[in-house]
Every structure is written in C-alpha cells, then in structure tokens.
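Participant: This note's numbering puts the first residue of the sequence shown at 5, with every later residue one more than the last. The C-beta atom is built at its ideal place from N, Cα and C for all residues, glycine as well. Keep in mind it's a predicted model, so treat the numbers as computed, not measured.
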Amino acid sequence: MPSQPPDSSKPKPRYTLDEGAPGAFEGETVTRRKFMTGGAMAIGGVATAAFGLPALGFALGPQFEDGTPDRWQDMGPEGEFSVSTYVPKVMNLVADAGEAGKHTVYIRKFDPKRDSKRNADLPYVAISNRCAHLGCPVRYIQASKRFVCPCHGGVYEFEGKVAGGPPVRPLDRFYTRVRGGRVEVGERFSLNSELRRFSVRDPSNHLDGPWQYLYPSRPST
Ligand code: FES
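1) Using a Cβ-based criterion (distance less than 7 Å to any ligand heavy atom), does Gly-139 qualify as near the ligand FES?
2) Is it the case that the CB of Pro-170 approaches a heavy atom of the ligand FES more closely than 7 Å?
3) For the alpha helix (DSSP H) containing Gln-216, list its first residue and its last residue.
4) Rounded to the nearest angstrom, what separates Ala-53 and Leu-97 at their Cα positions?
5) Taking DSSP's pairing of strands, which residues face Tyr-160 in a bridge?
6) Count Cβ pairs between the stretch 80-93 and the stretch 110-127 that sit closer than 8 Å; are there 3 or more?
7) Would you give the residue range spanned by the beta strand (DSSP E) that Asp-78 belongs to?
8) Under the criterion of a Cβ to heavy atom distance below 7 Å, does Gly-158 qualify as lining the ligand FES?
9) According to DSSP, which residues form a beta bridge with His-107?
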C-alpha cells in the first residue's frame with residue numbers, strides 16, 4: 005500500500021522521539037545528524053568568510069582609492085624640461101626620512117605627438133628610477149633613449165615600457181602639475197603594459213589581466 009503524505013495540518017512534533025527518528029533520545033529536539041550537518045555548514049561559512057573577505061578587500065580596495073596626491077614637490081622651472089630628453093631630479097619619496105627617503109625621478113615634458121594618450125592629463129612625464137623587476141636603480145641613456153638596469157639587464161624604452169629583460173611592467177611614474185611656471189611632482193603610481201594607472205605596487209608585481217587583483221597596493225612601497 006503506498007505511503008500517505010504527511011498531514012501538513014498537524015503541528016510538527018517538538019521532540020525527535022515523537023517524530024519516530026531512529027536513535028532518538030527523550031527530550032531531544034533536533035537529531036544529531038541535523039545538528040552535525042548544521043554545525044559543519046556554519047564552520048564552513050566562517051572559514052570561507054575568513055579567507056574570502058580579506059581577498060575581496062585586497063582585490064577591490066584599490067578601486068576605491070583616491071589617487072589625487074596631497075603632497076607636491078618643486079622640481080624646477082618649466083623651461084628646464086623638454087619633450088626630447090629626461091632631466092634627473094632628486095625628490096623626497098618619504099617625508100622626514102632624510103637621505104634614506106631620497107629618490108631619483110626622470111622628468112620631461114609630455115609629448116602629445118608621441119606619448120600614450122592615457123596619461124595626457126599630466127603635463128610632464130616623471131619616471132621613477134626604481135626597476136620594476138627587483139628595485140635596482142635604472143639609468144636613462146640619452147644616446148639610445150632607453151632606461152637601463154645594471155642588475156639583471158632590464159631595458160625600458162623612452163616611455164618607460166619594458167623593452168627587454170626580466171621586468172614585468174613599465175617603470176612607475178609620479179603625478180605632475182605646473183604651479184606658477186614651476187613643475188611639481190606628487191604621488192607615485194604604477195602602470196600596466198598599456199600605461200593604465202594603478203596605485204603603487206612593489207617591484208615584480210604584474211599588473212596585466214587578473215594579476216592586478218592578486219598584487220594589492222602596499223603603502224610601504
Ligand atoms: S632589478 Fe632591474 S633587471 Fe633586475
């Protein structure tokens with residue numbers, strides 16, 4: 005004889021014993037199987053959140069960062085710079101750190117005929133001398149119009165894009181502006197191979213495709 009469906013008009017028994025659950029104890033309101041299943045799911049949820057939420061924060065955090073610099077440094081009069089070559093300047097990368105905070109930056113005028121339009125809002129190109137491979141100081145060679153790293157042979161072309169060797173992304177840059185006829189540089193930023201801007205990353209951090217989400221920006225860089 006086919007079994008009858010449970011009568012939904014009857015209230016569900018409060019105790020597992022009344023339900024006729026196998027192995028039920030007197031006074032038990034939930035079976036051990038249900039209890040264990042619920043507990044395992046709760047622990048799984050907590051573990052997933054513990055790993056997932058920080059990863060999500062790392063991935064999405066940089067998208068909400070305000071890239072507008074709040075500290076600008078004078079680099080000299082506009083007339084000192086041209087579109088055809090870089091002028092090396094020394095700036096303080098870390099405020100109040102003395103010599104240890106000094107950093108070389110190569111500056112030239114933005115060239116609308118030759119430069120990528122992605123950064124056309126910045127009147128000057130200010131390139132960091134920190135190699136994007138492992139951080140050695142690169143040098144600009146005017147004869148070849150390239151930046152060269154002495155450590156492992158990294159080479160960057162005139163705009164700072166990788167031309168050869170192990171570096172994984174272009175050289176970092178700084179925001180620039182002109183105030184009272186003088187060129188100022190602001191915060192540093194990193195770039196992917198298409199010269200799209202990102203908050204500053206450590207050397208060796210890729211920024212193309214999904215890699216941009218796997219290498220979070222670190223304030224210490
Ligand atoms: S640190 Fe520049 S190529 Fe390795």
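Facilitator: Taking the coordinates as given:
1) With a cutoff of 7 Å, Gly-139 counts as near the ligand FES, since its C-beta is closer than that to a heavy atom of the ligand.
2) Yes, the Cβ of Pro-170 comes within 7 Å of a heavy atom of the ligand FES.
3) Here the alpha helix (DSSP H) through Gln-216 covers 215-218.
4) If you draw a straight line from the Cα of Ala-53 to the Cα of Leu-97, it comes to about 37 Å.
5) DSSP lists Phe-151 and Val-166 as the beta-bridge partner residues of Tyr-160.
6) Result yes; three or more Cβ-Cβ pairs closer than 8 Å.
7) Per DSSP, Asp-78 is one residue of the beta strand (DSSP E) stretching across 77-81.
8) At a cut-off of 7 Å, the beta-carbon of Gly-158 counts as near the ligand FES: some heavy atom of the ligand is closer than that.
9) When DSSP reads this structure, His-107 sits in a beta bridge with Met-95.
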